[in-house]
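These protein sequence lines are chains X and Z, in that order. No gaps in the numbering here: position 49 of the first sequence is 50 in the numbering used here, and each next residue is one more. No gaps in the numbering here: position 185 of the second sequence is 277 in the numbering used here, and each next residue is one more. Here a beta-carbon is modelled for each residue, glycine too, at the ideal position from N, C-alpha and C. Here the structure comes first, spelled out in structure tokens, and everything after it is commentary.
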Amino acid sequence: MRSILRARALALACVLFAAVPATAESNLVVMKNFDYSPMRLTIAAGTTVSWKNLDGEPHTVVSVDGAFRSPALDQNDSFKFTFAKRGVYKYVCSIHPKMMATITVK
Amino acid sequence: MDETSRRGALKCLGVGAGTLFTLSCGVFRAIDLAKAATNAIAGAPLFVQISDTHIGFNKDANPDVIGTLNRSIDLVNGLKEQPAFAIHTGDVTHLSKAQEFDTAQQLLKRLRVTDLHVVPGEHDVTDGPGVEFFNRFGSASKRRGYYSFDASGVHFIALVNVMNFKAGGLGALGDDQLAWLKNDLAGRRAGQPIVVFAHMPLWTIYEPWGWGTAEGAEIAALLRRFGSVTVLNGHIHQIVQKVEGNITFHTARSTAYPQPVAGTGPGPGPLKVPADQLPKMLGVTTGILNRTSAVPALTDTTLA
Numbered sequence: 002m003r004s005i006l007r008a009r010a011l012a013l014a015c016v017l018f019a020a021v022p023a024t025a026e027s028n029l030v031v032m033k034n035f036d037y038s039p040m041r042l043t044i045a046a047g048t049t050v051s052w053k054n055l056d057g058e059p060h061t062v063v064s065v066d067g068a069f070r071s072p073a074l075d076q077n078d079s080f081k082f083t084f085a086k087r088g089v090y091k092y093v094c095s096i097h098p099k100m101m102a103t104i105t106v107k
Numbered sequence: 093m094d095e096t097s098r099r100g101a102l103k104c105l106g107v108g109a110g111t112l113f114t115l116s117c118g119v120f121r122a123i124d125l126a127k128a129a130t131n132a133i134a135g136a137p138l139f140v141q142i143s144d145t146h147i148g149f150n151k152d153a154n155p156d157v158i159g160t161l162n163r164s165i166d167l168v169n170g171l172k173e174q175p176a177f178a179i180h181t182g183d184v185t186h187l188s189k190a191q192e193f194d195t196a197q198q199l200l201k202r203l204r205v206t207d208l209h210v211v212p213g214e215h216d217v218t219d220g221p222g223v224e225f226f227n228r229f230g231s232a233s234k235r236r237g238y239y240s241f242d243a244s245g246v247h248f249i250a251l252v253n254v255m256n257f258k259a260g261g262l263g264a265l266g267d268d269q270l271a272w273l274k275n276d277l278a279g280r281r282a283g284q285p286i287v288v289f290a291h292m293p294l295w296t297i298y299e300p301w302g303w304g305t306a307e308g309a310e311i312a313a314l315l316r317r318f319g320s321v322t323v324l325n326g327h328i329h330q331i332v333q334k335v336e337g338n339i340t341f342h343t344a345r346s347t348a349y350p351q352p353v354a355g356t357g358p359g360p361g362p363l364k365v366p367a368d369q370l371p372k373m374l375g376v377t378t379g380i381l382n383r384t385s386a387v388p389a390l391t392d393t394t395l396a
């Protein structure tokens, strides 16, 4: 009986551990080969997301609804934004508008 | 783009010192520049087109964009006859920075021309409203970016297609500018030569890389009734040309760095080539008014 409870507790702990909000690394979006990576990111309200450009070509991070806009980011430049409000934020590179991604804030 | 135009485009890329395209009854013919010199294509250069100077760029593909711009300016200043004015088809700077604009403006002042007409590229307006760009180059268009003027009987139209992007889309004029263009062309006699210049290609060259303008078909429809239309664009850092009836579309080389041919590689980024190849892939375009024709003929010249 006790071993089953322990197993269940362990299983529950595993599930909880997996669901714990991510470390700083997973709130990082990189721009590489004219793509945002990851293209879809889900975060909790109040989280700060960082973007870093790894391409030799500048990119920008511009939200479609006007919530945020980065300056032109050269190679290795970064930009941060803290998402206070819940919602779905679609954003695009204003230099290469074919580059698009989404952040969902829960 | 279809195979014939791709082959044509590749031929354009490989051309050495210069190619002269003359327009005869709406059909372009390529004439080797050496032959043209002996036949003396008579006519004064009306304008020179410089594009994609990208002041502020400093990566491998060209660590000295100021140097190559200076060489391009020297090339223009060294022409037998000076063009009346210069057209810059955008991406003056690389990162829209004030310092980059200051440097670019200073360098471009060396051009021995009376006027400089500039339209923005997407690298020039990354702040949104393009404050630094319009502070320096906004007076001709009253900070709208689009305007028109006449020179030697030719009607020139400056358009901006980098400030109305839709996510996932091509360049765009926006409704106001399209309405203005319609109005600007209305009532104009069909025999007047028209030159339109804008940063992004006004026809779709390669959709996956955003090389085109959303209202391209409507713009072509407005221009179709004119006997001679020349469309000058930049953005793609290589020469691609298309003739559609009386409309000739022509993109220019950059003075900073080349870009890959459409579809080769992950995207339209800087293309690194061997150092001795670089000057052959950078250059300017001259529009010459032939004395027997009121229509400008285009010449592309490289730095080497």
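Closer than 8 Å at the beta carbon, the chain X residues around Phe257 (chain Z)
In chain order, Val93, Ser95 and Pro98 make up the part of chain X whose C-beta sits under 8 Å from the C-beta of Phe257 (chain Z).
Residues near Gly266 (chain Z) in its chain [Cβ-Cβ closer than 8 Å; skip 5 each side]:
Excluding positions up to five away in sequence, the list reads Met255 and Asn256.
Which residues in chain Z have a C-beta closer than 7 Å to the C-beta of Phe35 (chain X)? List them in chain order.
The contacting residues are Pro358 and Gly359.
The beta strand (DSSP E) with Glu336 (chain Z) in it runs from where to where?
Looking at the DSSP string, the run of the beta strand (DSSP E) that includes Glu336 (chain Z) is Gln333 to Glu336.
How far does the alpha helix (DSSP H) with Asn275 (chain Z) in it reach, from first residue to last?
From DSSP, the alpha helix (DSSP H) with Asn275 (chain Z) extends over Asp267 to Leu277.
Taking all protein chains shown into account, decide if Phe241 (chain Z) is buried (16 or more other Cβ within 10 angstroms of its Cβ) or exposed.
Per the 10 Å Cβ criterion, exposed.
How do the segment 341 to 350 of chain Z and the segment 146 to 155 of chain Z stand: do at least 3 beta-carbon pairs fall below 8 Å, yes or no?
Touching, yes.
Give the single residue among Z:Arg236, Z:Val205, Z:Leu203 and Z:Leu199 whose Cα lies nearest to the Cα of Val217 (chain Z).
The option with the nearest alpha carbon to Val217 (chain Z) is Z:Arg236.
How far does the beta strand (DSSP E) with Val50 (chain X) in it extend, from its first residue to its last?
First-last of the beta strand (DSSP E) with Val50 (chain X): Thr48 to Asn54.
Need the endpoints of the alpha helix (DSSP H) that Val323 (chain Z) sits in, please.
Boundaries around Val323 (chain Z) are those of the beta strand (DSSP E), Val321 to Asn325, since no alpha helix (DSSP H) includes it.
Residue interval of the alpha helix (DSSP H) (run including Ser244 (chain Z)):
Where Ser244 (chain Z) is concerned, there is no enclosing alpha helix (DSSP H), given that its DSSP letter is neither H nor E.
Please identify the residue among Z:Val376, Z:Pro388 and Z:Phe226 whose C-alpha is closest to the C-alpha of Gly170 (chain Z).
Nearest to Gly170 (chain Z) by C-alpha distance, out of Z:Val376, Z:Pro388 and Z:Phe226, is Z:Val376.
How many Å lie between Gly213 (chain Z) and Ala85 (chain X) at the Cα?
If you take the alpha carbons of Gly213 (chain Z) and Ala85 (chain X), they lie about 33 Å apart.
Touching by the beta-carbon criterion (3+ pairs, under 8 Å), the segment 215 to 229 of chain Z and the segment 70 to 77 of chain X
Contact holds: three or more Cβ-Cβ distances are below 8 Å.
In whole angstroms, give me the CA-to-CA distance for Val210 (chain Z) and Gly304 (chain Z).
Roughly 19 Å separates the two Cα atoms.
8 Å is my cut-off, CB to CB: does Thr218 (chain Z) come that close to chain X?
The Cβ of Thr218 (chain Z) sits closer than 8 Å to at least one Cβ of chain X.
May I have the straight-line CA-CA distance separating Ala290 (chain Z) from Arg87 (chain X), to the nearest angstrom?
Ala290 (chain Z) and Arg87 (chain X): Cα-Cα distance of roughly 40 Å.
Less than 6 Å between C-beta atoms, sequence neighbours within five positions excluded: which residues of the same chain meet that for Gly326 (chain Z)?
Non-local C-beta neighbours of Gly326 (chain Z) in its own chain, meaning closer than 6 Å and more than five positions away in sequence, comprise Ser143, Asp144, Thr181, Gly182, His291 and Ala344, ordered along the chain.
Is Val217 (chain Z) helix, strand or coil by DSSP?
Residue state, collapsed to three classes: coil.
Please name the residue or residues paired with Trp303 (chain Z) in a DSSP beta bridge.
Trp303 (chain Z) is bridged to Z:Tyr298.
DSSP three-state assignment for Leu374 (chain Z), whether helix, strand or coil:
Looking at Leu374 (chain Z) - three-state DSSP - the assignment turns out to be coil, as it is neither helix nor strand.
Give a yes or no on whether the minimum CB-CB distance between Ala73 (chain X) and chain Z is below 8 Å.
Cβ-Cβ to chain Z under 8 Å: yes for Ala73 (chain X).
Within chain Z, the residues that Thr103 (chain X) reaches when beta carbons sit closer than 8 Å:
The contacting residues do not exist; Thr103 (chain X) stays about 10 Å from chain Z at best.
Taking C-alpha atoms, which residue in Z:Glu173, Z:Lys274, Z:Leu370 and Z:His186 lies nearest to Arg163 (chain Z)?
For the residues Z:Glu173, Z:Lys274, Z:Leu370 and Z:His186, the minimum Cα distance to Arg163 (chain Z) belongs to Z:Leu370.
So is Gly47 (chain X) in contact with chain Z if we call contact Cβ pairs under 8 Å?
Not a single C-beta of chain Z is nearer than 8 Å to the C-beta of Gly47 (chain X).
Can you pull out the residues from the segment 160 to 189 of chain Z whose beta carbon lies closer than 7 Å to at least one beta carbon of chain X?
Sequence-ordered contacts of the segment 160 to 189 of chain Z with chain X read His186, Leu187 and Ser188 [C-beta pairs closer than 7 Å].
Using a Cβ cut-off of 7 Å, pull out every chain X residue sitting near Gly261 (chain Z), in sequence order please.
Result: Pro98.
According to DSSP, simplified to helix, strand and coil, what is Tyr207 (chain Z)?
Before going on, a small fix: residue 207 (chain Z) reads as Asp here, not Tyr. Three-state DSSP puts Asp207 (chain Z) in a strand.
Return the residue from the list Z:Phe318, Z:Ala312, Z:Arg317 and Z:Val353 that minimises the CA-CA distance to Ile331 (chain Z).
Between Ile331 (chain Z) and the set Z:Phe318, Z:Ala312, Z:Arg317 and Z:Val353, the nearest pair of CA atoms involves Z:Val353.
Taking 6 Å as the limit between beta carbons, can you name the residues of its chain near Cys94 (chain X), skipping five residues before and five after?
So the qualifying residues of the chain are His60, Thr61 and Met100.
Exposed unless 16 or more other CB atoms sit within 10 angstroms - verdict on Leu55 (chain X):
Leu55 (chain X) is classed as exposed because its beta carbon has fewer than 16 other beta carbons within 10 Å across all chains shown.
Consider the Cβ of Arg70 (chain X): report whether some Cβ of chain C lies at a distance smaller than 8 Å.
Absent from the structure: chain C. Protein chains present are X and Z.
Contacts of Glu214 (chain Z) in chain X (Cβ-Cβ under 7 Å):
Within chain X, the residues near Glu214 (chain Z) are Ser95 and Ile96.
Under a three-way DSSP split, which group does Asp36 (chain X) fall into?
It is a strand residue.
Near-chain X residues of the segment 342 to 371 of chain Z (beta-carbon distance less than 8 Å), N- to C-terminal order:
Against chain X - using a Cβ distance shorter than 8 Å - the residues of the segment 342 to 371 of chain Z are Pro358, Gly359, Pro360, Gly361 and Pro362.
So what does His97 (chain X) bridge to, in DSSP terms?
In the DSSP assignment, His97 (chain X) forms no beta bridge with any residue.
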